[in-house]
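Asks: Top to bottom, those sequences are chains A and B.
Residue numbers for the first sequence follow full-length UniProt numbering, so the first one is 1 and each next one is one higher.
Residue numbers for the second sequence follow full-length UniProt numbering, so the first one is 1 and each next one is one higher.
A virtual CB, placed ideally from N, CA and C, is assigned to each residue, including glycine.
2 protein chains.
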Amino acid sequence: MALITPSRRLRRTPFSDGVEAAGVKAYTVYNRMLLPTVFESVQEDYHHLKSAVQVWDVSCERQVEMRGPDSARLMQMLTPRDLRGMLPGRCFYVPIVDETGGMLNDPVAVKLAEDRWWVSIADSDLLLWIKGIANGYRLDVLVDEPDVSPLAVQGPKAEDLMARVFGDAVREVRFFRFGMFDFQGRSLVVARSGYSKQGGYEIYLEGGDLGMPLWNALFDAGADLDVRAGCPNGIERIEGGLLSYGNDMTDDNTPHECGLGRFCDTQTAIGCIGRDALLRVAKEGPVQQIRPLVIDGDPLPGSDRPWALTAGGRSVGQVTSANYSPDFESNIAIGMVRMTHWDAGNSMEVHTPDGTRQAVVRDAFWA
Amino acid sequence: MALITPSRRLRRTPFSDGVEAAGVKAYTVYNRMLLPTVFESVQEDYHHLKSAVQVWDVSCERQVEMRGPDSARLMQMLTPRDLRGMLPGRCFYVPIVDETGGMLNDPVAVKLAEDRWWVSIADSDLLLWIKGIANGYRLDVLVDEPDVSPLAVQGPKAEDLMARVFGDAVREVRFFRFGMFDFQGRSLVVARSGYSKQGGYEIYLEGGDLGMPLWNALFDAGADLDVRAGCPNGIERIEGGLLSYGNDMTDDNTPHECGLGRFCDTQTAIGCIGRDALLRVAKEGPVQQIRPLVIDGDPLPGSDRPWALTAGGRSVGQVTSANYSPDFESNIAIGMVRMTHWDAGNSMEVHTPDGTRQAVVRDAFWA
Ligand SMILES: Nc1nc2c(c(=O)[nH]1)N[C@@H](CNc1ccc(C(=O)N[C@@H](CCC(=O)O)C(=O)O)cc1)CN2
Ligand SMILES: Nc1nc2c(c(=O)[nH]1)N[C@@H](CNc1ccc(C(=O)N[C@@H](CCC(=O)O)C(=O)O)cc1)CN2
Numbered sequence: 001m002a003l004i005t006p007s008r009r010l011r012r013t014p015f016s017d018g019v020e021a022a023g024v025k026a027y028t029v030y031n032r033m034l035l036p037t038v039f040e041s042v043q044e045d046y047h048h049l050k051s052a053v054q055v056w057d058v059s060c061e062r063q064v065e066m067r068g069p070d071s072a073r074l075m076q077m078l079t080p081r082d083l084r085g086m087l088p089g090r091c092f093y094v095p096i097v098d099e100t101g102g103m104l105n106d107p108v109a110v111k112l113a114e115d116r117w118w119v120s121i122a123d124s125d126l127l128l129w130i131k132g133i134a135n136g137y138r139l140d141v142l143v144d145e146p147d148v149s150p151l152a153v154q155g156p157k158a159e160d161l162m163a164r165v166f167g168d169a170v171r172e173v174r175f176f177r178f179g180m181f182d183f184q185g186r187s188l189v190v191a192r193s194g195y196s197k198q199g200g201y202e203i204y205l206e207g208g209d210l211g212m213p214l215w216n217a218l219f220d221a222g223a224d225l226d227v228r229a230g231c232p233n234g235i236e237r238i239e240g241g242l243l244s245y246g247n248d249m250t251d252d253n254t255p256h257e258c259g260l261g262r263f264c265d266t267q268t269a270i271g272c273i274g275r276d277a278l279l280r281v282a283k284e285g286p287v288q289q290i291r292p293l294v295i296d297g298d299p300l301p302g303s304d305r306p307w308a309l310t311a312g313g314r315s316v317g318q319v320t321s322a323n324y325s326p327d328f329e330s331n332i333a334i335g336m337v338r339m340t341h342w343d344a345g346n347s348m349e350v351h352t353p354d355g356t357r358q359a360v361v362r363d364a365f366w367a
Numbered sequence: 001m002a003l004i005t006p007s008r009r010l011r012r013t014p015f016s017d018g019v020e021a022a023g024v025k026a027y028t029v030y031n032r033m034l035l036p037t038v039f040e041s042v043q044e045d046y047h048h049l050k051s052a053v054q055v056w057d058v059s060c061e062r063q064v065e066m067r068g069p070d071s072a073r074l075m076q077m078l079t080p081r082d083l084r085g086m087l088p089g090r091c092f093y094v095p096i097v098d099e100t101g102g103m104l105n106d107p108v109a110v111k112l113a114e115d116r117w118w119v120s121i122a123d124s125d126l127l128l129w130i131k132g133i134a135n136g137y138r139l140d141v142l143v144d145e146p147d148v149s150p151l152a153v154q155g156p157k158a159e160d161l162m163a164r165v166f167g168d169a170v171r172e173v174r175f176f177r178f179g180m181f182d183f184q185g186r187s188l189v190v191a192r193s194g195y196s197k198q199g200g201y202e203i204y205l206e207g208g209d210l211g212m213p214l215w216n217a218l219f220d221a222g223a224d225l226d227v228r229a230g231c232p233n234g235i236e237r238i239e240g241g242l243l244s245y246g247n248d249m250t251d252d253n254t255p256h257e258c259g260l261g262r263f264c265d266t267q268t269a270i271g272c273i274g275r276d277a278l279l280r281v282a283k284e285g286p287v288q289q290i291r292p293l294v295i296d297g298d299p300l301p302g303s304d305r306p307w308a309l310t311a312g313g314r315s316v317g318q319v320t321s322a323n324y325s326p327d328f329e330s331n332i333a334i335g336m337v338r339m340t341h342w343d344a345g346n347s348m349e350v351h352t353p354d355g356t357r358q359a360v361v362r363d364a365f366w367a
């Protein structure tokens, strides 16, 4: 692995001092911000995440805030998911598409009020798309990036830890809902969500000055729970089938190809900029789709580029994320597979840096 | 320095194999793509750049292509620089601003034809802003990211090296102009430009498959010129006053604050989305501006965040880039300085990780 050169352009976060003190070993860059990737090792971090509780600096999940009378209309223009039934206090996972139905991002939308929304973005400057649309359609809405930095608390003991810091009421927050909770006199959005399948919360810290106090409060309260600094885990998220924009899909892909058809209400999402294109896709169906795959042989290295999938010498797709799973004792992967081969049980070749292996489609993700 | 975890999201380039073989030691991430930052050491790379010739993988300077009848109109909507006099074959450095006059990027615009443009972007997804504007204003234009990867050839011996590969006609290309030159049967845009003050060219490689052949051709032709793999140099670019978007300015800043007022023809750039806001700025002038600064004392470390500038206990700006210059035997810096202190000779305190130092405004950059 190469080194990363520090620069202001690769932004630090309100929690960076804590992350460094916890001994972070490696980073990635996400939305031009530092995102930790390893503390002990990816495998040790994995076992700990699945058995205890971790605090994750996911500040890089930047918010785009929309405020003003046209914000709900704008929000619906961005996504094929029907937002009419969404009440304040709810979070929705929403594909964002351009006029061709290509995925621009797959954020979590947070409805603060009828006229105030956040979208908690994956790795693309969605702010610029939303600003461009708001300007071009002359909408009455203010669009910017507020000083909000999510801190995730993930793992089976997350609820106990959170209750110690925010009180027992936090136990009542349901999946993909949020409540307002007090910390040092400030009222924060606390949602039951996060980029793992181990359960947990995301605290949307408004105001970076409270970053280290919040970080320290969680570690002080959780010492006996073995709370540790962690980060989205490259093994666990594949087990759970959590997609990564830029890895598993790009703007070349439709939501349907990404297996996100269940988040598209293309008929009723009236106003969505990509609706016409997606009506076509929804009718004909995609010709390739995201699938879970098992790859045989020894543990594989992480991937820094797509690995070709072939059958009978012909391309049938690509593996976009792969890792060795200790719990499932096999190489687990996410791939984009052509229709001819996407049914569970289908076998094909995958061209890895360690040579050609067999890959088999699974019927479901692991967790 | 921490490690960087490989992932598809941090895109490789058509030249990555060559960069690795040349022994790259560190990277940054720029437009979600790997950009080398160190080969021998920043200081050794610096001396070599100023005395010989280097080949730089600047694929991360992605192109946004605009094609179709409305492309020139769209281009003028994006920038306050008057583009009426720009002929095909010319490159223009253009501030890109939003409706408030805030900088969204500072790319090089390349006019291929009346109805075909590239913008060679700095580190923000300008593609999304341009797509949003094109969609919102219902322009007849196609906007996308083509398979184009710039390769820069920089240094005093760049012209000699380029002439060996592309023929002597390449010597006739003037600054910020381009010609079409043949390489292995393909016609490539070759411009006299680049992110250094040492002179040189940028080859806009269309079609990644020719990446390694082009890389190898340059190294084969230049062995006796001591050609080496290099990259934008953090010392040399400060000496030259070349700004870095995300480091030296953000969307909070106007072009005038960035010292880019000379690229704003706000009166005549009719159609520019930020024109109204910038007319106001142009009239009143900015209250802070980019300045070259010398910082006293021992060589300073690189900066990963802005360093506060104060005078009499009050904030007067911030240093946004700094490095030790071997040739000028001092710490050289770029800062955003308030009007009260921006005149040459003014002295103030700068708060560095190595303690408080004196900083003095210079009358000009070093090169
Ligand atoms: N703040 C927040 N912001 C984010 C992420 C996050 O993690 N939390 N992650 C990135 C966005 N991508 C995802 C992908 C998956 C999920 C996710 O959680 N999916 C669940 C639930 C989806 C649902 O049922 O609505 C699943 O099981 O697929 C959330 C964000 C970036 N922004
Ligand atoms: N392809 C190309 N694309 C780029 C860069 C580049 O480097 N070349 N660099 C980044 C954009 N920023 C700059 C900053 C400065 C210059 C530059 O070269 N400025 C000269 C000349 C400006 C002029 O006179 O027009 C100067 O002396 O200031 C070019 C791009 C990203 N994209």
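Using the C-alpha atoms, what's the distance from A322 (chain A) back to A333 (chain A)?
Replies: In the first sequence, the residue the question calls residue 333 (chain A) occupies position 333. In the first sequence, the residue the question calls residue 322 (chain A) occupies position 322. Near 4 Å, if we compare the C-alpha coordinates of A322 (chain A) and A333 (chain A).
Asks: Nearest chain B C-beta to G246 (chain A) closer than 8 Å, yes or no?
Replies: Taking the first sequence and counting its residues from 1, the one referred to as residue 246 (chain A) is at position 246. Yes, G246 (chain A) lies at the interface with chain B (some Cβ there is under 8 Å from its Cβ).
Asks: Assuming T320 (chain A) and N247 (chain A) are in contact, meaning their beta carbons sit under 8 Å apart, how far apart are those beta carbons, in whole angstroms?
Replies: Along the first sequence, one-based indexing puts residue 320 (chain A) at 320. Along the first sequence, one-based indexing puts residue 247 (chain A) at 247. T320 (chain A) to N247 (chain A), Cβ: 6 Å. Contact.
Asks: Does the CB of V29 (chain A) have a neighbour CB from chain B at under 8 Å?
Replies: Looking up residue 29 (chain A) in the first sequence gives position 29. Cβ-Cβ to chain B under 8 Å: yes for V29 (chain A).
Asks: Going along chain B, which residues have a C-beta under 7 Å from I238 (chain A)?
Replies: Locating residue 238 (chain A) in the first sequence gives position 238, where the first residue counts as 1. Within chain B, no residue has its CB atom less than 7 Å from the CB of I238 (chain A), the nearest being about 12 Å off.
Asks: Using a Cβ-Cβ distance under 8 Å, would G317 (chain A) count as near chain B?
Replies: Position 317 of the first sequence holds residue 317 (chain A). Chain B, which has no Cβ nearer than 8 Å to the Cβ of G317 (chain A), makes this no.
Asks: Give me the residue from A:G194, A:D144, A:L126 and A:A52 with the minimum Cα distance to F92 (chain A).
Replies: Indexing the first sequence from 1 puts residue 92 (chain A) at position 92. The candidate whose alpha carbon is nearest that of F92 (chain A) is A:G194.
Asks: Please list, in chain order, the residues of the stretch 10-34 of chain B that have any C-beta partner in chain A closer than 7 Å.
Replies: L10, R12, V24, K25, A26, Y27, T28, V29 and R32
Asks: Taking the beta carbon of Q184 (chain A) as the centre, do at least 16 other beta carbons fall within 10 Å, making it buried, or is it exposed?
Replies: In the first sequence, counting from the first residue as 1, residue 184 (chain A) sits at position 184. Under this definition Q184 (chain A) is an exposed residue.
Asks: Would a check of beta-carbon distances place I203 (chain A) closer than 8 Å to chain B?
Replies: As a first step, residue 203 (chain A) is located in the first sequence; it is residue number 203 there, counting from the start. Closer than 8 Å: no.
Asks: Under 8 Å, with one C-beta from each stretch per pair, do the stretch 295-309 of chain A and the stretch 279-287 of chain A reach the 3-pair mark?
Replies: no
Asks: Which two residues bound the contiguous alpha helix (DSSP H) that contains G335 (chain A)?
Replies: Counted from its first residue, the first sequence places residue 335 (chain A) at position 335. First-last for G335 (chain A): S330 to R338, but that is the beta strand (DSSP E), not the alpha helix (DSSP H).
Asks: Kindly list the residues whose CB is nearer than 6 Å to the CB of R357 (chain A), restricted to its own chain and excluding five residues on each side of it in sequence; keep chain order.
Replies: On the first sequence, residue 357 (chain A) is found 357 positions in, with the first residue counted as 1. Within the same chain, R357 (chain A) has close Cβ partners I295, D296, G297 and V350.
Asks: Using the three-state DSSP reduction, which class does G179 (chain A) fall into: helix, strand or coil?
Replies: Taking the first residue of the first sequence as 1, we reach residue 179 (chain A) at position 179. G179 (chain A): strand per DSSP, three-state reduction.
Asks: Do you know how far the Cα of D168 (chain B) is from the Cα of C231 (chain A)?
Replies: By one-based count along the first sequence, residue 231 (chain A) stands at place 231. By one-based count along the second sequence, residue 168 (chain B) stands at place 168. Their backbone Cα atoms lie some 54 Å apart in a straight line.
Asks: Give, in chain order, every residue of the stretch 282-310 of chain A whose Cβ lies closer than 7 Å to some Cβ of chain B.
Replies: G302, S303, D304, R305 and P306
Asks: Count the other CB atoms within 10 Å of the CB of T79 (chain A); is the residue buried (16 or more) or exposed (fewer)?
Replies: Taking the first sequence and counting its residues from 1, one reaches residue 79 (chain A) at position 79. The residue is buried, with at least 16 neighbouring Cβ atoms inside 10 Å.
Asks: If the cut-off is 8 Å on Cβ atoms, which residues from the stretch 95-119 of chain B count as contacting chain A, listed in chain order?
Replies: From the stretch 95-119 of chain B, only D98, E99 and L104 have a Cβ closer than 8 Å to chain A.
Asks: Is the beta carbon of R62 (chain A) less than 8 Å from the beta carbon of I121 (chain A)?
Replies: If you number the first sequence from 1, residue 62 (chain A) lands on position 62. If you number the first sequence from 1, residue 121 (chain A) lands on position 121. In contact: R62 (chain A) and I121 (chain A) (Cβ atoms closer than 8 Å).
Asks: Using only alpha-carbon positions, find the residue among A:I273, A:E284 and A:A191 that is nearest to P88 (chain A).
Replies: Your numbering for residue 88 (chain A) matches position 88 in the first sequence. Minimum Cα distance to P88 (chain A) is reached at A:A191.
Asks: With C-beta atoms as the reference, is L10 (chain A) less than 8 Å away from R67 (chain A)?
Replies: The count along the first sequence starts at 1 and reaches residue 10 (chain A) at position 10. The count along the first sequence starts at 1 and reaches residue 67 (chain A) at position 67. No; because the gap between Cβ atoms is not below 8 Å, this pair is not in contact.
Asks: Is any non-hydrogen atom of ligand 1 found closer than 7 Å to the C-beta of D106 (chain A), if you look at the structure I gave you?
Replies: Position 106 of the first sequence holds residue 106 (chain A). Under cutoff, so the answer is yes.
Asks: Leaving out five residues before and five after L104 (chain A) in sequence, what residues of the same chain have Cβ atoms less than 7 Å from its Cβ?
Replies: As a working mapping, residue 104 (chain A) is identified with position 104 in the first sequence. Result list for L104 (chain A): I96, V97, D98, S124, L126, W129 and D251, in chain order.
Asks: Do L34 (chain A) and R12 (chain A) come within 8 Å of each other at the CB atom, strictly closer than that value?
Replies: Against the first sequence, residue 12 (chain A) aligns to sequence position 12. Against the first sequence, residue 34 (chain A) aligns to sequence position 34. Against a cut-off of 8 Å, the Cβ pair of L34 (chain A) and R12 (chain A) comes out as a contact.
Asks: At a Cβ threshold of 8 Å, is A2 (chain B) touching chain A?
Replies: Reading the second sequence from its first residue, position 2 is the one you call residue 2 (chain B). Closer than 8 Å to some Cβ of chain A, the Cβ of A2 (chain B) qualifies, so yes.
Asks: Identify each residue in the stretch 330-359 of chain A for which the Cβ-Cβ distance to at least one residue of chain B is less than 9 Å, and report them in chain order.
Replies: none
Asks: If we cut at 8 Å on Cβ distances, does S196 (chain A) have a partner in chain B?
Replies: What you label residue 196 (chain A) is simply residue 196 of the first sequence in a count that begins at 1. Not an interface residue.
Asks: If you follow the beta strand (DSSP E) that S41 (chain A) is part of, which residue opens it and which one closes it?
Replies: Taking the first sequence and counting its residues from 1, the one referred to as residue 41 (chain A) is at position 41. Looking at the DSSP string, S41 (chain A) is not in any beta strand (DSSP E), and its letter there is neither H nor E.
Asks: List, in chain order, every chain B residue whose beta-carbon is nearer than 8 Å to that of N135 (chain A).
Replies: Reading the first sequence from its first residue, position 135 is the one you call residue 135 (chain A). Ordered by position in chain B, the residues that pass the 8 Å Cβ test against N135 (chain A) are D98, E99, G132, I133, G136 and I273.
Asks: Near residue 390 (chain B), which residues of its chain fall below 6 Å by C-beta distance, leaving aside the five closest residues on each side in sequence?
Replies: There is simply no residue 390 (chain B) to check, as chain B begins at 1 and stops at 367 in what is shown.
Asks: Can you confirm whether T266 (chain A), when its beta carbon is compared against all beta carbons of chain B, has any partner nearer than 8 Å?
Replies: Mapped onto the first sequence, residue 266 (chain A) falls at position 266. Chain B contact via Cβ: absent.
Asks: Tell me the start and end of each unbroken beta strand (DSSP E) in the stretch 237-320 of chain A that is at least 3 residues and wholly inside, in chain order.
Replies: 288-295 and 307-311
Asks: For P255 (chain B), return the contacting residues in chain A, with the cut-off set at a CB-CB distance below 7 Å.
Replies: Stepping through the second sequence from its first residue, residue 255 (chain B) is reached at position 255. Chain A residues near P255 (chain B): none, gap ~17 Å exceeds 7 Å.
Asks: Which residues share a DSSP beta bridge with M33 (chain A)?
Replies: One-based indexing of the first sequence puts residue 33 (chain A) at position 33. According to DSSP, M33 (chain A) bridges with A:R11 and A:Y30.
Asks: Any chance the stretch 220-239 of chain A sits against the stretch 41-58 of chain A, with 3 or more Cβ pairs inside 8 Å?
Replies: yes
Asks: I'd like to know if S124 (chain A) contacts chain B, where contact means its C-beta is closer than 8 Å to some C-beta of that chain.
Replies: Taking the first sequence and counting its residues from 1, the one referred to as residue 124 (chain A) is at position 124. At least one CB of chain B lies nearer than 8 Å to the CB of S124 (chain A).
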